[in-house]
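Worksheet: the structure to be examined is printed underneath.
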Amino acid sequence: MEIHRYEKLWFGLSLLLIVGFIGTITYGAVGAGVQMVSDDGGTVEPSFSTINENEKFAQQEDNQAVHVEGNEYEVAVIAQRFSFQPGTGSPIQVPEDSRVTFYVTSPDVIHGFSVVGTNANTMVIPGQIAEITVEFDELDSDEPKEYGVVCHEFCGAGHEEMAGQIQVVPEDQWEGDA
Ligand code: CUA
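So the sequence shown is numbered by the numbering used here: it starts at 1 and just counts up by one.
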């Protein structure tokens, strides 16, 4: 059987394309650090009273990251229609050069928790505590650095206004526990 030269060429190219597609899908699935929202952070009945009694949320008294050990900190955030607590109104404060694990849950509907300009991003599902760890580098000045936090899941009439802030505080200005 005679196969035309151009036909062979197109055959080869389309095979290459398929291999390329599989390659990008594989990379997206395992290489880019993207994970399904798991219940690693635990589960909690989606109501304010039970969330507030949860160990992680009970220790979150104000907007400051809670010290765990070394440079590790934790912040528990309630994402609700249409704010982050803490985060909206006054920013979540974390020290520079730290590794911060955010525990985020919702008492009402599905929200998102996305740190603008970074790849830190999780879905927030009622009943599940999303766990996401973010590393904050040392600051290159004495000025605090701010990151926006936005909700990226449509959650109702106030969705587009659902936003907050994270403030990375220089070490010598850090007032939380260390
Ligand atoms: Cu919360 Cu959109």
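Glycine residues also receive a C-beta, built at the ideal position from the N, C-alpha and C atoms.
Beta-carbon contacts of residue i that lie in its chain and below 8 Å, excluding the five residues immediately before and after
i, result
"residue 116", "147, 148, 149 and 150"
Cα-Cα separation, residue i to residue j
i, j, result
"residue 238", "residue 104", "No statement about residue 238 is possible, as the shown extent of the chain runs from 1 to 178 and does not include it."
"residue 153", "residue 9", "44 Å"
"residue 41", "residue 17", "39 Å"
"residue 23", "residue 45", "40 Å"
"residue 113", "residue 174", "24 Å"
"residue 165", "residue 172", "21 Å"
"residue 63", "residue 89", "10 Å"
"residue 94", "residue 168", "5 Å"
"residue 145", "residue 43", "32 Å"
"residue 14", "residue 1", "21 Å"
"residue 12", "residue 36", "35 Å"
"residue 170", "residue 70", "16 Å"
"residue 122", "residue 5", "50 Å"
Sequence-distant residues of its chain with Cβ nearer than 6 Å to residue i (five each side left out)
i, result
"residue 76", "56, 57, 60 and 103"
"residue 177", "67"
"residue 48", "107"
"residue 74", "66, 68 and 101"
"residue 124", "79, 104, 106, 111, 113 and 130"
"residue 109", "155"
"residue 134", "100 and 120"
"residue 72", "99"
"residue 92", "63, 75, 86 and 166"
Contacting residues, own chain, Cβ-Cβ under 7 Å from residue i (five flanking each side not counted)
i, result
"residue 34", "28"
"residue 142", "170"
"residue 7", "none"
Exposed unless 16 or more other CB atoms sit within 10 angstroms - verdict on residue i
i, result
"residue 111", "buried"
"residue 26", "exposed"
"residue 162", "buried"
"residue 119", "exposed"
"residue 31", "exposed"
"residue 20", "exposed"
"residue 3", "exposed"
"residue 96", "buried"
"residue 87", "buried"
> Any contact of the region 75-83 with the region 154-167, i.e. 3+ C-beta pairs under 8 Å?
Replying inline: yes
> Would you call the region 138-154 and the region 50-57 in contact, with 3 or more CB pairs under 8 Å?
Replying inline: no
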